[in-house]
Structures are given as structure tokens and as C-alpha cells.
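Basically our numbering = 1-based index in the first sequence + 150.
Every residue, glycine too, gets a C-beta built ideally from N, C-alpha and C.
Computed from a predicted structure; not experimentally measured.
The block underneath contains the structure these notes are about, expressed in C-alpha cells.
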Amino acid sequence: MYTLIKKDDKTRARLGSFSTPHGMIDTPNFMPVGTIGAVKTLSADEVRKAGTQIMLSNAYHLLLRPGPDTIKSAGGLHKWINWPGPILTDSGGFQIFSLSRLRRIKDDGVEFRSHIDGASFFLTPESAVGFQLLLGSDIMMALDECLPYPCTRDYAIRSMDLTAGWAARGKNSFIKEISAGNIFPTPDSSLFGIIQGGTYLDLRRQSAGQITGIGFDGYALGGLSVGEPRELMYEILDNTVPLMPDDKIRYLMGVGTVEDIFESVQAGIDIFDCVVPTRNARNGLAFTCFGKVRIRNARYKNDYSPIDPSCGCDCCRYYTRSYIHHLFNINEIFGLKLLSLHNVTFYATLMKNIRESISNGNFCEFKKEFLGIYAG
RNA sequence: GGGGACGUAGCGUAGCUGGUUUAACGCAUCAGAUUGUCGAUCUGAGGAUCGCGGGUUCAAAUCCCGUCGUCCCCG
151 MYTLIKKDDK TRARLGSFST PHGMIDTPNF MPVGTIGAVK TLSADEVRKA GTQIMLSNAY
211 HLLLRPGPDT IKSAGGLHKW INWPGPILTD SGGFQIFSLS RLRRIKDDGV EFRSHIDGAS
271 FFLTPESAVG FQLLLGSDIM MALDECLPYP CTRDYAIRSM DLTAGWAARG KNSFIKEISA
331 GNIFPTPDSS LFGIIQGGTY LDLRRQSAGQ ITGIGFDGYA LGGLSVGEPR ELMYEILDNT
391 VPLMPDDKIR YLMGVGTVED IFESVQAGID IFDCVVPTRN ARNGLAFTCF GKVRIRNARY
451 KNDYSPIDPS CGCDCCRYYT RSYIHHLFNI NEIFGLKLLS LHNVTFYATL MKNIRESISN
511 GNFCEFKKEF LGIYAG
């Protein structure tokens with residue numbers, strides 16, 4: 151359930167909150183990605199201490215390994231991974247289209263082979279919902295097809311209609327399961343629909359109409375930041391977000407960079423998920439108020455300052471760039487952890503500051519000031 | 001003392017029956033990419049007067065002689 155607290159005067163940015171069975175989150179917010187039940191290298195407690203309010207997991211990966219029974223027997227995903235807060239689960243649509251070696255799309259659903267061992271699965275809009283319910287997800291995503299970029303208009307149309315059909319079936323299934331009290335019936339859990347349409351503005355509008363017409367607890371934009379130019383993504387946001395209901399939370403899937411988040415918040419997006427902070431951390435890239443720090447660079451060999459002097463995370467409180475540079479140079483796992491901790495903290499802090507700026511009525515000024523230093 | 005093998009970038013190697021241009025490759029170094037996961041991967045850069053000296057030849061890392069060095073075998 152979304153509550154709109156305040157709209158920015160000059161932009162479409164908005165301040166709000168969203169309630170889930172495992173607590174409230176403030177929006178705009180960012181979800182670190184814990185695909186397989188862990189934000190890589192970090193304990194759930196560390197993720198929480200970094201300032202994270204909600205994390206993302208992935209049904210596709212968990213379905214393949216360890217499989218539904220294990221998590222069900224464990225008492226649900228939250229208990230299993232020791233994360234007491236809200237969890238949003240992606241249906242796995244994206245993975246089926248990005249990882250699976252063999253997939254066959256039918257009206258029914260999608261047949262695919264595991265990217266791990268080649269085992270065959272058939273995922274339907276109904277089973278996607280069922281599995282996410284079984285996980286005990288706070289926010290479930292409807293099964294969708296994520297288009298690549300570029301993509302022909304004809305295919306984008308067919309895919310958009312397919313996604314809409316799946317969305318409707320997912321919604322029905324969700325209602326049925328909840329009312330039947332199946333598995334982990336959580337009265338306040340949510341199902342989000344996903345707007346597709348490729349990079350065609352009119353299709354995006356049409357898809358927004360289709361998905362909002364079905365009626366969901368929140369709406370997501372999918373299939374963006376898949377290789378299209380940034381300006382195109384911003385244009386799509388500007389044209390599509392206004393068609394997403396004001397009284398529902400808006401989720402931009404898979405985004406993104408610091409710049410993208412500012413632009414998207416400005417366009418009216420409320421929540422994000424992205425691998426950037428964690429993946430880049432493991433590749434030696436740290437985010438700071440002053441821009442990116444590529445910790446492998448030789449210039450940090452004898453730099454005894456913290457990654458980000460303005461950051462309060464344990465990485466910045468106790469360790470130097472020099473030390474972390476060394477850890478990366480010798481391929482020590484602890485380095486991955488330290489930068490992951492920092493980057494997750496950086497993103498959580500960034501979102502908190504964005505919320506404060508909206509609350510204070512100076513989002514535009516904050517954005518300009520922040521990016522001026524960050525990109526400068 | 002006798003015989004043999006080998007010296008090519010920081011390290012490990014290829015090329016060595018003379019002639020693809022500017023001596024190749026891996027690791028390392030330096031830099032960049034990374035958007036519903038990637039301890040992955042990709043891209044680019046720098047770095048060798050081919051142990052040294054002489055000879056043969058139109059042409060030598062490549063053939064010959066000498067020399068220095070390393071390693072092995074025999075005494």
C-alpha cells in the first residue's frame with residue numbers, strides 16, 4: 151500500500167512510503183540485489199546496517215536452486231536468509247530471456263532450460279505468482295517478457311500483448327491464491343504489473359494502459375537500461391510515468407547509475423533495483439560523493455584516506471584506500487566485501503538524502519549540487 | 001678436463017629447415033567498460049636494439065665463429 155506524502159514543486163519527484171508485511175519503506179528507495187538469497191558478500195545484518203530498507207531476490211534463481219521445497223521447509227525466504235525486512239521478488243522473466251539457453255514462448259507461459267544444468271522448466275504467469283507466494287515475498291512481480299534492444303516494432307507489439315495477457319492471468323491467480331489462504335497468505339503482500347513496449351513511445355503508453363487497466367498494487371517499468379541510449383530511456387520515462395497512477399508506487403526495474411536515479415526520481419519513479427553498487431564493488435569500483443573510485447588504480451597504493459571521507463560505513467571508518475587497493479591487487483575476498491558494504495551504504499544514503507531534499511523542497515538544488523561534485 | 005642443452009618484455013614461453021609488413025602469446029603492469037548479478041567477461045595501452053661481439057647474405061631472433069652466463073651428464 152502506497153502513501154504519497156509530498157510532491158515536488160518543480161519536478162515529478164515525490165516523497166512517499168509503502169507498507170509491506172515486513173514493514174514500511176520510505177520512497178524514493180533503492181533495493182540492493184540479492185538474487186540468490188544474499189546480497190553478495192554481505193550478511194543480512196550488514197545490509198540492514200548499511201541503511202537498506204528493502205532488498206530484491208529472484209524467483210528464477212531460487213526456483214532452480216535450491217528449489218521450492220527447500221525454502222518452503224525452511225519457513226520462507228525471510229527466515230531462511232535471516233532478513234526481517236521487506237523483500238521484492240522478481241518473477242524471473244528477465245533471467246529466462248537473458249540466461250536461459252533454450253526457451254520457447256507460448257501463450258501459456260515460457261518453457262526454458264536451466265542455465266545451470268539444462269533441466270527443463272515451464273513457467274506460467276500462475277506458477278510465477280505461486281512460487282513467489284511460497285517464498286513469502288512481500289512484493290511479487292508478474293511474469294513478463296523483457297525485450298532486448300534493439301527490437302523490431304512488430305515483435306515489441308506481440309511481446310507487449312503477451313506481457314499484458316500474462317499480467318492479467320497473474321493478477322487472477324494472485325487473487326485466487328490469497329483468498330484461498332494458500333501457502334504464505336500475507337494480506338498486505340503485493341503484486342506489481344510490468345509495463346513493456348520496448349523503446350516505442352506509443353507502445354509504452356499502450357502497455358501502461360493495458361497494465362494499469364488490470365489493476366495492480368504497484369507498477370513497474372521493465373525493459374529499460376538494456377543498451378538503449380540514456381536520452382531514450384529518459385524520454386520514455388517522461389512519457390510513460392505520467393500514465394502510471396499517482397496513488398500507486400512506481401518501480402523502475404534494473405536501474406541504475408547515480409545519474410539515472412536522479413533523472414528517474416525527477417521523472418516520478420519511487421523505487422529501483424540494480425546490481426551496479428554490488429557488482430561494481432566486486433569489480434573494484436567504489437561510489438563516493440566525489441565520483442567513482444577505481445580502487446585498483448595505482449594512485450591509491452599509498453592513499454591512506456578512506457574510500458569516502460563523508461561516509462560512515464565500517465569500510466570508511468576503519469580501512470584505507472591503500473589497504474583496499476592491496477586487497478584487490480592480491481585478489482583477496484575481503485576487498486570485495488568492504489567495497490560492497492560501502493557501495494550499498496552509499497546507495498542507501500543517497501536515497502535518504504534524495505528523500506530529505508524532496509521533503510525540504512530542494513530536490514533540484516540537491517541534484518544539481520550532488521551531480522556537480524559527483525561528475526565533476 | 002670431456003660432452004650436451006639453453007639464453008627472446010618483470011615472469012613463463014612461441015618463432016629458430018633465413019624473407020607476411022612494426023618479433024607473437026599467456027601471466028603481471030597501466031587504463032577503460034560493467035544497469036531486473038558477474039569472485040565473470042570484454043576493450044585498449046605501455047614494455048624486448050631476440051645474452052654480447054664478429055662473420056656469411058640482398059636479407060639474421062633464425063646459419064657460422066668467438067665469448068659470457070645458466071643448467072645437465074661423464075670423469
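Quick one, are the C-beta atoms of residue i and residue j less than 9 Å apart?
i: C465; j: L488; result: yes
i: L293; j: G259; result: yes
i: D367; j: L238; result: no
i: F180; j: L500; result: yes
i: A417; j: R162; result: yes
i: T470; j: S455; result: yes
i: L312; j: K222; result: no
i: T357; j: M290; result: Correcting the residue type first, residue 357 is Ser in the shown sequence and not Thr. It is not a contact, given that the beta carbons lie outside the stated cut-off.
i: I508; j: R164; result: yes
i: V494; j: G201; result: yes
i: S270; j: S264; result: yes
i: I175; j: P236; result: yes
i: A317; j: I344; result: yes
i: H172; j: H228; result: yes
i: L353; j: R303; result: yes
i: K190; j: R432; result: yes
i: Y497; j: C439; result: no
i: G243; j: E295; result: yes
i: L491; j: G373; result: no
i: K199; j: F513; result: no
i: G166; j: D420; result: yes
i: Y299; j: V415; result: no
The alpha helix (DSSP H) with residue i in it runs from where to where?
i: I457; result: I457 -> no alpha helix (DSSP H), and no H or E assigned at all.
i: R467; result: 464 to 468
i: F281; result: 275 to 285
i: F484; result: 483 to 510
i: S472; result: 471 to 479
i: S248; result: 243 to 248
i: I231; result: 227 to 231
Classify residue i as buried or exposed, calling it buried when 16 or more other Cβ atoms lie within 10 Å of its own Cβ.
i: K517; result: buried
i: L252; result: exposed
i: F412; result: buried
i: I266; result: exposed
i: D257; result: exposed
i: F484; result: exposed
i: N208; result: buried
i: I246; result: buried
i: T153; result: exposed
i: F437; result: buried
i: T274; result: buried
i: Y305; result: exposed
i: A370; result: buried
i: F262; result: buried
i: K398; result: buried
i: I480; result: exposed
i: L206; result: buried
i: T177; result: buried
i: P427; result: buried
i: R505; result: buried
i: F272; result: exposed
i: D396; result: exposed
i: T170; result: buried
i: T390; result: buried
i: G406; result: buried
i: D240; result: buried
i: S339; result: buried
Tell me, please, which residues DSSP counts as bridged to residue i.
i: S270; result: R263
i: T362; result: Answer by DSSP bridge pairing: none, since T362 is not bridged.
i: L165; result: K156
i: T170; result: G173
i: Y369; result: G343, R400
i: V189; result: Note: V189 sits in no beta bridge, so no partner.
i: M181; result: D423
Within the continuous beta strand (DSSP E) that includes residue i, where are the two ends?
i: G173; result: 173 to 177
i: Y401; result: 399 to 402
i: L521; result: Unbroken run through L521 is the alpha helix (DSSP H), 513 to 525; no beta strand (DSSP E).
i: I255; result: 253 to 255
i: L293; result: Premise fails: L293 is in no beta strand (DSSP E) and is neither H nor E.
i: L238; result: 237 to 240
*Which parts of the region 195 to 223 are runs of the beta strand (DSSP E), unbroken and 3 residues or longer, counting only runs that do not cross its ends?*
Whole beta strand (DSSP E) segments, 3+ residues: 205 to 208.
_If we require 3 or more residues per run, which beta strand (DSSP E) segments fall completely within the region 313 to 357?_
Counting only runs of 3 or more, we get 340 to 345.
*Give, in chain order, every unbroken run of the alpha helix (DSSP H) that is at least 4 residues long and sits entirely within the region 371 to 449.*
With a minimum length of 4 residues, the continuous alpha helix (DSSP H) runs that stay inside the region 371 to 449 are 380 to 390, 408 to 417, 426 to 432.
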